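Enquirer: Once you've had a glance at the structure underneath, I'll fire off some questions.
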Amino acid sequence: MFDVIVIGGGHAGTEAAVAAARSGARVALITGALEQLGQLSCNPAIGGIAKGTVVREVDALGGIMARATDMATVQFRMLNRGKGPAVWAPRAQCDRGLYRRAVRQLLEAQPNLVTMQGMVARLLFDDAGSLASGATRRVAGVETMEGRRFGARAVVLTTGTFGRGTMHIGTDTRISGGRAGEAPSVHLGQQLDAEGLTTERFKTGTPPRIDGRSVDYTRFDRQESEIDLFDYSWSHFWTTPRRTADGAMRSPEQMPCWVGWLEEAGTELIAKHINESAMYGGAIASRGPRYCPSVEDKVVKFPDKVRHQLFLEPEGHDTSELYVNGLSTSLPAPVQLAVLRSVHGLEDVRMTRAGYAIEYDYYPPTQLWPSLGSRAIDGLFFAGQVNGTTGYEEAGGQGVMAGLNAARFTQEREPIVLGRESSYIGVLINDLTTRGVDEPYRLFTSRSEFRLTVRQDNALSRLAPVSEAAGLWQDAELEVLHARLGAVREALRLAEATSMSPAIADPILEAAGTRPLAHAVRAVELARRSEITLQVLFDAAGVGAELPRDAIVGAELEIKYAGYFERERLQANRLVAQGAVVLPPTLDYAAMRTLSIEARQKFERLKPGTLAQASAIPGISPADLQNLMLELRKH
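Residues 142 to 776 in the working numbering are what the sequence shown lists, from first letter to last.
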């Protein structure tokens with residue numbers, strides 16, 4: 142008997158299992174292939190715009206994605222570097238094999254957690270006793286295709302693209318599977334259909350892989366790593382980025398990526414064979430991700446653009462395979478090879494794996510509570526692509542919260558719901574459960590109203606109070622956590638306390654192209670200037686050498702953008718106040734005649750838990766919210 146069973150071993154499933162186990166639950170993770178735990182199914186990279194912040198948020202909540210990434214990174218880039226540091230976005234290229242190995246090691250080192258191989262065929266139910274509002278069943282465990290039964294008080298479903306997955310290569314080749322070479326999950330979806338859950342279909346795709354030994358690299362631009370600049374995870378006992386206390390590198394040897402172009406010859410080939418594509422030949426009707434389009438989409442939707450950028454990205458140290466980023470396709474395999482060979486430098490390339498599109502089940506997430514628990518089935522939680530999202534990071538963020546709340550469900554504790562003002566994970570889950578999706582959902586900085594205060598550098602300070610209160614850390618980890626948070630406070634204190642004389646400051650000011658000082662000033666005053674960094678000031682003054690680089694950067698951002706941050710904090714405080722207004726699930730919205738018909742229908746269907754959640758529902762007016770407050774006073 143387990144407290145929580147997690148179905149699936151991808152990024153949502155592994156994070157859910159760890160979060161539940163860290164919360165004190167006895168956890169089993171059941172997946173179709175143990176050797177594929179943590180597989181990077183598509184691009185071997187973690188992070189990006191908004192996504193990199195989510196990775197650090199997962200880390201601040203006790204997750205493993207950041208730690209696995211740090212152990213497997215073969216190239217690192219900080220995106221948005223041309224903009225202010227408040228919107229910088231970390232992205233790491235990973236060794237696919239090392240990442241899987243790191244995930245499995247971290248799972249097997251986690252107390253209270255066991256991993257098992259098997260395909261879950263159906264859920265078990267026990268409907269004795271009272272059910273939560275609106276629920277018709279209560280989960281009691283799972284049964285596998287092999288006939289093994291495991292009891293549990295909560296189940297987290299994270300089947301990704303495996304839910305009745307069908308892969309397409311051209312219009313004639315259809316292969317049942319959740320990933321190349323792996324069987325789909327069919328029976329579980331059929332059971333959930335029978336239970337009345339709404340099921341829909343999305344599609345995604347992946348590009349071909351090629352043999353790096355058949356590439357003429359002289360025709361590509363080499364892109365090097367920025368590895369020394371960043372650590373994703375705070376939770377290791379490292380003294381400087383990527384180095385252990387004895388100075389040894391802890392990440393593998395770095396590898397370059399290569400930048401090239403799909404030219405007019407390639408786009409003409411694609412246009413010529415467009416009706417042979419699964420997408421444009423009628424084999425697929427499902428909608429795919431808007432912001433990760435297939436190369437067919439690029440050619441059809443942007444006919445005036447005859448040149449499209451490609452990146453050749455290494456799969457790892459133990460293979461010569463390269464991932465062709467920018468060439469996701471469902472064209473027939475012979476056409477894919479011809480398109481590849483139209484690229485300068487790939488004239489003699491060997492294609493090791495064909496690209497394909499894949500259709501899969503997802504469950505519209507408005508069927509979930511903000512805890513990611515099912516409204517219809519008590520104890521059943523959903524996370525990842527089954528909720529209509531796309532991306533490893535979005536899956537990991539949902540997995541942490543679903544696992545945490547599944548454990549709390551078994552402990553009869555209130556769920557933890559992150560607000561939009563607290564994190565990108567909060568934005569993600571709020572959008573999913575209140576607005577739903579009509580295409581695969583991807584996070585961007587523009588989705589957050591608080592993107593200056595919800596940054597990658599301050600994820601730990603934002604979410605540490607949540608994770609500490611939830612009991613996710615051991616004593617040794619708490620000691621490191623408090624030290625890291627204390628380092629930012631110490632950097633701010635030093636900036637206030639350190640006097641910069643003209644003799645010390647003038648060389649810095651001259652290099653920045655500004656006037657010299659007439660008298661000594663505090664370092665904090667100079668750090669407010671956009672062209673001067675706090676690190677340079679500390680180095681010149683001979684202070685702060687013991688502080689981690691990220692602590693000094695975090696302090697600098699607090700100094701430089703203090704005015705903007707204060708405005709966002711005031712807005713966040715208003716949202717928190719709305720979040721404190723609880724809406725009981727028993728409210729009869731249909732009887733509230735002061736509300737608009739649209740508001741009554743949406744509130745009745747979605748059952749928002751707080752006034753803040755109600756305000757996030759599309760189509761809800763300020764007048765509806767005011768009238769809802771008046772109706773609440775009557776109850």
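Yeah, the Cβ is synthetic: ideal placement off N, Cα and C, and Gly gets one too. Computed from a predicted model, the values in this text were never measured in an experiment.
1) Can you tell me whether F744 is helix, strand or coil according to DSSP?
2) Going by the beta-carbon positions, is the gap between A632 and A696 smaller than 8 Å?
3) Could you pull out every unbroken beta strand (DSSP E) segment of at least 3 residues lying fully inside the region 320-386, listed in chain order?
4) Just reading off the beta strand (DSSP E) that D144 is part of, what are its end residues?
5) Can the beta-carbon of P538 be found closer than 8 Å to that of V195?
6) If we count Cβ pairs, one from each stretch, closer than 8 Å, do we get three or more for the region 252-268 versus the region 321-335?
7) If you run the structure through DSSP and keep just helix, strand and coil, what is P83?
8) Could you tell me whether the Cβ atoms of V607 and A692 are closer together than 8 Å?
9) Contact check, G346 vs G407 under 8 Å by CB: the rounded distance?
10) Taking DSSP as the reference, what is the three-state secondary structure of Q767?
11) With distances taken between CB atoms, is the gap from A162 to L239 smaller than 8 Å?
12) Looking only at its chain, what residues have a beta carbon closer than 6 Å to the beta carbon of S355, apart from the 5 residues adjacent to it on each side?
13) Taking the C-alpha atoms as reference points, what is the distance between L481 and C183?
14) Quick one: what does DSSP say L410 is sitting in, helix, strand or coil?
15) Under 8 Å by Cβ, that's how I've got A230 and I190 pegged, so tell me the actual separation to the nearest angstrom.
16) Could you give the residue range of the alpha helix (DSSP H) that holds F679?
17) Rounded to whole angstroms, what is the Cα-Cα separation between G401 and T277?
18) Does the region 758-766 come close enough to the region 734-744 that 3 or more CB-CB pairs lie under 8 Å?
19) Ordered along the chain, which non-local residues of its own chain (more than five positions away) have a Cβ less than 7 Å from that of A412?
20) Using only alpha-carbon positions, find the residue among V145, A636, G353, L766 that is nearest to T493.
21) Do the region 209-222 and the region 547-556 meet, that is, are 3 or more Cβ pairs less than 8 Å apart?
22) Between the alpha carbons of L175 and E323, how many angstroms are there, rounded?
23) Could you check the C-alpha separation between F452 and I351 for me, to the nearest Å?
24) What are the boundary residues of the beta strand (DSSP E) that F217 is part of?
25) In angstroms with no decimal places, state the Cα-to-Cα distance between I148 and V283.
26) Buried or exposed for G443, going by 16 or more other Cβ atoms inside 10 Å?
27) I believe V145 touches A321 by the beta-carbon criterion, under 8 Å. Please report the beta-carbon distance rounded to the nearest angstrom.
28) Cutting at 6 Å between CB atoms, please list the residues of its own chain near A243, excluding the five before and the five after it.
29) From Q754 to T575, what does the alpha carbon distance come to, in whole angstroms?
30) Take D445 as the anchor and find which of E405, G154, A281 has the nearest alpha-carbon.
31) Are the region 598-614 and the region 456-465 touching, with three or more C-beta to C-beta distances below 8 Å?
32) Starting from L667, trace the alpha helix (DSSP H) both ways and give me its first and last residue.
33) Excluding five sequence neighbours on each side, which residues of the same chain lie with their C-beta closer than 8 Å to the C-beta of S515?
34) Quick one: Cα of A646 to Cα of I700, how far?
35) Which value, in whole angstroms, describes the spacing of the CA atoms of P382 and L688?
36) Which residues does DSSP pair with Y730 in a beta bridge?
Expert: On the basis of the data shown:
1) helix
2) yes
3) 341-347, 350-352, 362-364
4) 143-148
5) Reading off the sequence shown, one finds Gly at residue 538, where the question assumed Pro. Cβ distance < 8 Å, so G538 and V195 count as in contact.
6) yes
7) Residue 83 lies beyond the stretch modelled for the chain, which goes from 142 to 776, so this question has no answer here.
8) no
9) With 8 Å as the limit, G346 and G407 do not qualify as a contact, their Cβ atoms being about 17 Å apart.
10) helix
11) no
12) D489, V490, R491
13) 18 Å
14) helix
15) 5 Å
16) 675-682
17) 55 Å
18) yes
19) V440
20) G353
21) no
22) 12 Å
23) 12 Å
24) 214-220
25) 9 Å
26) Per the sequence shown, residue 443 should be read as Phe rather than Gly. Exposed is the call here.
27) Actually they do not touch by this definition, with Cβ atoms about 30 Å apart.
28) A209, M212, A213
29) 7 Å
30) E405
31) no
32) 664-668
33) A276, L338, Q508, L509, L521, F522, F523
34) 18 Å
35) Note on P382: pLDDT 45, under 50, position unreliable in the model; no value is reported.
36) DSSP, once it has assigned bridges, lists no residue as partnering Y730.
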